[in-house]
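Chemist: Numbering (the numbering used here), first residue to last: 29 to 409. Cβ coordinates follow ideal geometry from the N, Cα and C atoms, glycine included. Once you've had a glance at the structure underneath, I'll fire off some questions.
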């Protein structure tokens, strides 16, 4: 039980969210460099942090280690190395891949990005792909609002190394690394403990985003079915619903494919996953399954809201056509009478009758009023 509490305290912040870490230069988010204050010129620029952990504690050096130096330290004295990279080029990653013996197919996926969440097992490593989701704050949802932003975290898990490759501006792991460093007992479990922490961190982010998307859907649903919306154009509602549906679909593409890898990590014994850590992947898989159910429910609910909105638009159009038809019927009466007396026949007795004009006007007004009342009573006006 104490182990469960320790894991949850480390990998879950008090308020689940995707953490934003770094600085902004000219409006662009950038990482702030390695953990140590000095940086080796041979260090690839894509390396955000490179550290050696032994007995659960970070080994301090007087300078920032290159991945090759870190691996030599591990092979000599034990422990494991954790390397974090952000959008490396093929040239920057090739040296690291060669040093750690990473499979070429996994290396290609990590560099190119745009991968589905998955778990691939190789002889000496596990390759795991996560899609990170970040909720974009907005005052009001519009047809052009971006609701979620996606990123990717690729993880290489080996016996004595753990490598993360991030793509996108969101989903920084720096704060997570610091929290793990505050729990040496957990880090002593090795690279698989870091893999679990990242999986739990990503899924907790899904939970936070799902709650925010639920609020957006509730807002749209309330506005669509608001009783005081008579006469409001419906096209804007359809655009907002469709935009939200597209964002939910993007969310679904991140969540659904990840469920099977998490189930595999929790159910099948794996040489590179510590048995004490493996059982905690079941907790991640359970949370992910609940999020998946939520996202599927969002999609179905938005389908229903969209269909109801289109039905409302159709009803509104029918009501407008009835009103137009009603006024056309009212106008037809004076049009017909005026047409009769506009034929210019010589023998029309009413033309020479002193009361002809007021009688005709009275008849036209009376017929128009009668038709108007009839249509009003029947709900056409």
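(1) Three or more C-beta pairs closer than 8 Å, one from the stretch 178-190 and one from the stretch 151-168: is that the case here?
(2) Output yes or no for whether 7 Å exceeds the beta carbon distance between residue 77 and residue 106.
(3) Rank 376, 304, 289 by C-alpha distance to the C-alpha of residue 148 and give the top, closest one.
(4) As a quick exercise: from 339, 193, 179, pick the residue whose alpha carbon is nearest that of residue 130.
(5) Would you tell me roughly how many angstroms separate the C-alpha atoms of residue 53 and residue 140, rounded to the nearest one?
(6) Going along the chain, which residues of its own chain have a beta-carbon closer than 8 Å to the beta-carbon of residue 266, five neighbours each way excluded?
(7) Helix, strand or coil: which one does DSSP assign to residue 216?
(8) DSSP on residue 159, reduced to helix/strand/coil?
(9) Who pairs with residue 147 in a beta bridge, going by DSSP?
(10) Taking the straight line between their C-alpha atoms, what separation do you get for residue 62 and residue 280?
(11) With C-beta atoms as the reference, is residue 127 less than 7 Å away from residue 96?
(12) Taking the continuous alpha helix (DSSP H) assigned at residue 318, which residues delimit it?
(13) Could you give the distance in angstroms between the alpha-carbon of residue 254 and the alpha-carbon of residue 226?
(14) Distance, Cα to Cα, residue 137 vs residue 270?
(15) Please state if the CB of residue 320 and the CB of residue 287 are separated by a distance shorter than 7 Å.
(16) Between the Cα of residue 363 and those of 395, 222, 275, spot the shortest distance and give me the residue it belongs to.
(17) Does residue 133 pass the burial test, meaning 16 or more other C-beta atoms within 10 Å, or should it be called exposed?
(18) Helix, strand or coil for residue 195, going by three-state DSSP, please let me know.
(19) If I'm right that residue 189 touches residue 309 with Cβ under 8 Å, what's the distance once you round it to whole angstroms?
(20) Could you tell me how far apart the beta carbons of residue 231 and residue 162 are, in whole angstroms, since I believe they sit closer than 8 Å?
(21) Whose C-beta lies closer than 7 Å to the C-beta of residue 392 among residues of the same chain, with five residues either side of it excluded?
(22) Consult DSSP for residue 121 and reduce its assignment to one of helix, strand or coil.
(23) Just the C-alpha distance for residue 323 and residue 397, rounded to the nearest angstrom, thanks.
(24) Return the CA-CA distance between residue 215 and residue 125, expressed in angstroms with no decimal places.
Modeler: With the given structure in hand:
(1) yes
(2) no
(3) 289
(4) 193
(5) Any reading at residue 53 is ruled out, since the residue's pLDDT is 34, under 50, leaving its predicted position unreliable.
(6) Result list for residue 266: 334, 337, 338, 341, in chain order.
(7) coil
(8) strand
(9) 156
(10) Note that residue 62 scores 38 on pLDDT, short of 50, meaning its location in the model is unreliable; the coordinates nonetheless yield the value given after this. About 34 Å.
(11) yes
(12) Per DSSP, residue 318 belongs to the alpha helix (DSSP H) from 309-368.
(13) 42 Å
(14) 31 Å
(15) The Cβ atoms of residue 287 and residue 320 lie closer than 7 Å to each other.
(16) For the residues 395, 222, 275, the minimum Cα distance to residue 363 belongs to 395.
(17) exposed
(18) strand
(19) No, residue 189 and residue 309 are not in contact; Cβ-Cβ is about 20 Å, not under 8 Å.
(20) Incorrect: roughly 14 Å between the Cβ atoms, too far for contact.
(21) 361, 362, 365
(22) helix
(23) 56 Å
(24) 23 Å
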